[in-house]
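Residue numbers (my numbering), protein chains in the order written: chain E, 1 to 283; chain A, 1 to 293.
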């Protein structure tokens with residue numbers, strides 16, 4: 001078994017503050033029919049610093065979504081410990097420490113864009129004027145000013161996903177959990193959304209755990225890319241990406257050699273051996 | 001949401017159906033044998049004489065004439081409307097009561113899995129009990145109820161029977177609706193730490209509307225049928241069901257008269273469906289479907 005490699009640099013830099021996420025030897029076993037078991041996650045350890053953007057990447061069944069769901073307290077770990085800002089995952093959910101976005105936008109079809117963004121605030125008893133002021137800010141942040149009173153069925157997939165991201169930011173969480181939020185979008189929309197996400201995250205200063213199966217997406221967005229492998233799901237390597245702060249990441253970066261180096265490093269970690277590419281073979 | 005053209009052609013097709021029915025009636029009356037069609041001694045098509053199958057024109061004319069020869073007797077159509085409104089009131093009480101009970105049962109079944117397993121089979125079983133068997137029991141029980149100034153009236157028995165038919169589609173439809181939200185929406189509510197009641201209010205109730213409206217419409221139709229049948233079997237006077245029986249009994253001497261209250265009952269059903277459609281219109285916002293992203 002490969003021991004997960006931690007980056008001491010990141011850990012030391014934020015030694016003073018509590019880690020956004022601290023996962024210690026977490027495991028998850030699903031009971032399937034007739035007493036059979038599936039080990040979805042096995043002995044996973046990971047620390048995410050405040051404000052850090054971490055991607056989880058790996059083939060299907062590697063447990064990346066499961067890990068995210070454990071952090072979100074949508075599933076419970078069968079072993080190990082998961083702390084979010086020093087609290088148990090359950091307490092962190094109750095205290096609304098994170099915002100979340102899924103692969104499908106999951107907007108309520110009978111609510112307008114604005115009402116969808118206001119939903120978490122409404123549920124937690126925020127007053128009407130404060131709610132609409134916050135929704136206004138977020139609508140502007142995700143660039144949907146002209147669509148605030150539209151309904152989800154009148155929006156494109158990309159717009160729906162923007163609303164979902166705005167909704168996840170509504171309560172100014174210090175942690176964002178995102179499960180392949182751009183998975184269903186076309187490539188052009190996807191790249192634009194990545195650009196916007198990177199900007200939004202550096203503006204809000206939130207830590208992000210981002211599940212994806214796209215290597216360029218992970219490299220473009222992240223400070224660190226966590227590479228996972230299946231059966232049982234575990235971390236096989238962590239790649240540091242040094243592309244500068246999010247505010248400076250733009251389209252041009254996609255043709256930068258540092259970006260390609262990151263892509264190659266992640267790919268090698270995924271495949272377990274140094275690939276010998278002929279020229280550039282980016283997907 | 002429907003375009004006016006679609007609505008217009010729907011009306012047109014509805015009218016075409018009516019015309020077809022009239023043509024079949026008069027056509028068979030014109031060409032069919034007076035003694036009806038018999039097959040090995042079994043009558044398989046009715047007699048075509050004026051007593052068995054009056055002309056449509058006679059039915060309409062009769063509806064415009066007074067009910068009987070007594071002085072000051074109102075025209076048939078006026079008393080049919082009066083009886084229909086009477087039945088509509090009773091059916092509405094039954095429909096509201098049945099819908100409330102059905103909805104509460106659905107809530108219970110949604111909240112507790114155990115309740116769903118325990119109650120649902122009984123609900124289905126309840127609908128197999130014949131109304132005719134139920135009516136005397138309810139009348140007898142109702143007769144024993146007397147609390148202070150309140151005493152059980154016969155119309156209440158009719159309403160109870162109507163509600164007995166109406167609650168079933170509402171319970172089943174509401175349960176399906178309350179269980180309809182996607183896993184992603186339920187998980188989202190969980191991440192917001194929203195409890196059962198908040199989830200009900202913000203998610204399950206709005207999501208149930210597209211299932212609830214057809215269920216309420218079905219419940220209204222059932223309530224009308226229940227009222228008409230219960231009026232006959234409880235002996236409640238003044239409603240359309242009773243009038244159908246009374247007019248049919250004078251059938252030999254005045255065959256055309258019996259058709260007016262039947263038409264009245266049909267219109268009653270349509271009106272009740274229309275009233276529920278108004279409820280649906282008020283809740284139109286919740287009928288939006290989620291767009292594929």
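We put the beta carbon where it would ideally sit given N, CA and C, even for glycine.
As the structure is a computational prediction, the values presented were derived from the model and not from experiment.
Residue i and residue j closer than 8 Å at C-beta
{"i": "residue 32 (chain A)", "j": "residue 45 (chain A)", "result": "yes"}
{"i": "residue 131 (chain A)", "j": "residue 194 (chain A)", "result": "no"}
{"i": "residue 235 (chain E)", "j": "residue 262 (chain E)", "result": "no"}
{"i": "residue 225 (chain E)", "j": "residue 55 (chain E)", "result": "yes"}
{"i": "residue 224 (chain A)", "j": "residue 269 (chain A)", "result": "yes"}
{"i": "residue 113 (chain E)", "j": "residue 148 (chain E)", "result": "yes"}
{"i": "residue 72 (chain E)", "j": "residue 191 (chain A)", "result": "yes"}
{"i": "residue 239 (chain A)", "j": "residue 90 (chain A)", "result": "yes"}
{"i": "residue 168 (chain E)", "j": "residue 101 (chain E)", "result": "yes"}
{"i": "residue 243 (chain E)", "j": "residue 265 (chain E)", "result": "no"}
{"i": "residue 58 (chain E)", "j": "residue 227 (chain E)", "result": "yes"}
{"i": "residue 176 (chain E)", "j": "residue 98 (chain E)", "result": "yes"}
{"i": "residue 360 (chain A)", "j": "residue 161 (chain A)", "result": "With chain A covering only 1 through 293, there is no way to say anything about residue 360 (chain A)."}
{"i": "residue 258 (chain A)", "j": "residue 265 (chain A)", "result": "no"}
Contact belief for residue i with residue j at Cβ below 8 Å, rounded distance in angstroms
{"i": "residue 121 (chain E)", "j": "residue 170 (chain E)", "result": "6 Å"}
{"i": "residue 83 (chain A)", "j": "residue 206 (chain A)", "result": "Wrong, their Cβ atoms sit about 39 Å apart, outside the cutoff."}
{"i": "residue 29 (chain A)", "j": "residue 36 (chain A)", "result": "With 8 Å as the limit, residue 29 (chain A) and residue 36 (chain A) do not qualify as a contact, their Cβ atoms being about 11 Å apart."}
{"i": "residue 217 (chain A)", "j": "residue 232 (chain A)", "result": "Actually they are not in contact, since the Cβ atoms of residue 217 (chain A) and residue 232 (chain A) sit about 24 Å apart, beyond 8 Å."}
{"i": "residue 272 (chain A)", "j": "residue 221 (chain A)", "result": "7 Å"}
{"i": "residue 118 (chain A)", "j": "residue 175 (chain A)", "result": "Contact flag wrong, Cβ pair sits at about 13 Å."}
{"i": "residue 109 (chain A)", "j": "residue 125 (chain A)", "result": "Contact flag wrong, Cβ pair sits at about 15 Å."}
{"i": "residue 26 (chain E)", "j": "residue 61 (chain E)", "result": "Contact doesn't hold; Cβ gap of about 17 Å is too wide."}
{"i": "residue 115 (chain E)", "j": "residue 163 (chain E)", "result": "That belief does not hold up - the Cβ atoms of residue 115 (chain E) and residue 163 (chain E) are roughly 10 Å apart, past 8 Å."}
{"i": "residue 54 (chain A)", "j": "residue 255 (chain A)", "result": "5 Å"}
{"i": "residue 237 (chain E)", "j": "residue 269 (chain E)", "result": "4 Å"}
Residue of the options minimising C-alpha distance to residue i
{"i": "residue 24 (chain E)", "options": "E:94, E:58, E:44, E:86", "result": "E:44"}
{"i": "residue 206 (chain E)", "options": "E:69, E:165, E:185", "result": "E:165"}
{"i": "residue 171 (chain A)", "options": "A:60, A:190, A:74, A:100", "result": "A:100"}
{"i": "residue 267 (chain E)", "options": "E:251, E:228, E:215", "result": "E:215"}
{"i": "residue 87 (chain A)", "options": "A:279, A:248, A:226, A:97", "result": "A:226"}
{"i": "residue 182 (chain A)", "options": "A:57, A:168, A:58, A:203", "result": "A:203"}
{"i": "residue 211 (chain E)", "options": "E:130, E:233, E:178", "result": "E:178"}
{"i": "residue 102 (chain A)", "options": "A:247, A:187, A:215", "result": "A:215"}
{"i": "residue 127 (chain A)", "options": "A:143, A:91, A:167", "result": "A:167"}
{"i": "residue 96 (chain E)", "options": "E:107, E:103, E:102, E:84", "result": "E:84"}
{"i": "residue 201 (chain A)", "options": "E:108, E:144, E:40", "result": "E:108"}
{"i": "residue 70 (chain E)", "options": "E:239, E:52, E:91, E:50", "result": "E:91"}
{"i": "residue 140 (chain A)", "options": "A:235, A:180, A:213", "result": "A:235"}
{"i": "residue 34 (chain A)", "options": "A:22, A:49, A:26, A:41", "result": "A:49"}
{"i": "residue 85 (chain A)", "options": "A:61, A:267, A:115", "result": "A:267"}
As assigned by DSSP and simplified to three states, the class of residue i
{"i": "residue 86 (chain E)", "result": "coil"}
{"i": "residue 353 (chain E)", "result": "A question about residue 353 (chain E) goes unanswered here, because the residues of chain E that appear run from 1 up to 283."}
{"i": "residue 145 (chain A)", "result": "coil"}
{"i": "residue 42 (chain A)", "result": "strand"}
{"i": "residue 229 (chain E)", "result": "strand"}
{"i": "residue 209 (chain E)", "result": "strand"}
{"i": "residue 147 (chain E)", "result": "helix"}
{"i": "residue 283 (chain A)", "result": "coil"}
{"i": "residue 3 (chain E)", "result": "Note that residue 3 (chain E) scores 47 on pLDDT, short of 50, meaning its location in the model is unreliable and no value can be drawn from it."}
{"i": "residue 322 (chain A)", "result": "One cannot answer for residue 322 (chain A) here, as it falls past the ends of chain A, which runs 1 to 293."}
{"i": "residue 293 (chain A)", "result": "Note that residue 293 (chain A) scores 36 on pLDDT, short of 50, meaning its location in the model is unreliable; the coordinates nonetheless yield the value given after this. Reduced to three states, the DSSP call for residue 293 (chain A) is coil."}
{"i": "residue 170 (chain E)", "result": "coil"}
{"i": "residue 238 (chain E)", "result": "strand"}
{"i": "residue 155 (chain E)", "result": "coil"}
{"i": "residue 177 (chain A)", "result": "helix"}
{"i": "residue 132 (chain E)", "result": "helix"}
{"i": "residue 9 (chain E)", "result": "Low confidence applies here, because residue 9 (chain E) scores a pLDDT of 44, under 50, leaving its location unreliable and the question unanswered by this model."}
{"i": "residue 7 (chain A)", "result": "helix"}
{"i": "residue 31 (chain E)", "result": "strand"}
{"i": "residue 123 (chain E)", "result": "helix"}
{"i": "residue 182 (chain E)", "result": "coil"}
{"i": "residue 75 (chain A)", "result": "strand"}
{"i": "residue 224 (chain E)", "result": "strand"}
{"i": "residue 99 (chain E)", "result": "strand"}
{"i": "residue 87 (chain A)", "result": "helix"}
{"i": "residue 192 (chain E)", "result": "helix"}
Residue i Cβ short of 7 Å to the ligand FAD heavy atom set
{"i": "residue 149 (chain E)", "result": "Among the ligands in the structure shown, none appear at all, so the ligand FAD cannot be discussed."}
**Those runs of the alpha helix (DSSP H) which lie wholly inside the segment 35–80 of chain E and span at least 4 residues** = The alpha helix (DSSP H) runs of length 4 or more contained entirely in the segment 35–80 of chain E are, from start to end of the chain, 64–71.
**Request:** Identify every run of the alpha helix (DSSP H) within the segment 243–271 of chain E, keeping only runs that are complete inside it and at least 4 residues long; order them along the chain.
**Result:** Listed in chain order, they are 257–271.
**Request:** For the segment 107–140 of chain A, list the alpha helix (DSSP H) runs that are entirely contained and at least 4 residues long, ordered along the chain.
**Result:** You should have 113–126.
**Item:** Within the segment 184–267 of chain A, ranges of the alpha helix (DSSP H) (whole runs, at least 4 residues)
**Value:** Here the runs fully enclosed are 196–199, 205–234, 240–249.
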